[in-house]
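In the numbering used here, the protein residues as written are -8 to 90. Where a beta carbon is used, it is the ideal one built from N, C-alpha and C, also for glycine. One structure is given below, encoded as structure tokens.
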Amino acid sequence: PPGYLFLCPARDFRSDDPTWFRHPDCPAYWSLDPTGVERLSAEEAADLGFPSFEFEMAVHVYSWDVSVYDGLRQFHEVKGFDPYSQDIAQHLGHQLFQL
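So, in structure tokens, the structure goes:
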């Protein structure tokens, strides 16, 4: 039978702390229902021949010393930008990313 793989919405990765992500309770599941309302268990999906999957999440964070950020903030202010806004990114033509 045709199967449908559903992925959890992005909001399920967010934690109460906006600087942290969490592993969702159900990152993905198979369904025979195109709306995804009726979920198949992993065993049912395997019995029907659907491939199993393993969810892995890695978040890499890189940062500089606080003095670097202070220097950048001062530089942007001298250039007429509000360092706490998105003005600099927009001026440089960067696309804004939203979670």
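Please state if the CB of alanine 19 and the CB of phenylalanine 41 are separated by a distance shorter than 8 Å. In this structure, the beta-carbon distance from phenylalanine 41 to alanine 19 does not fall below 8 Å.
Hey, quick one: how far does the alpha helix (DSSP H) through alanine 37 stretch, first residue to last? Segment 33 to 38, the alpha helix (DSSP H) holding alanine 37.
Assign phenylalanine 12 to one of three DSSP states: helix, strand, or coil. Judged by DSSP in its simplified three-state form, phenylalanine 12 adopts strand.
Three-state secondary structure assigned by DSSP to alanine 49: Reduced to three states, the DSSP call for alanine 49 is coil.
Taking a contact to mean a Cβ-Cβ separation below 8 Å, would you say glycine -6 touches tryptophan 21 in this structure? Yes, they are a contact pair.
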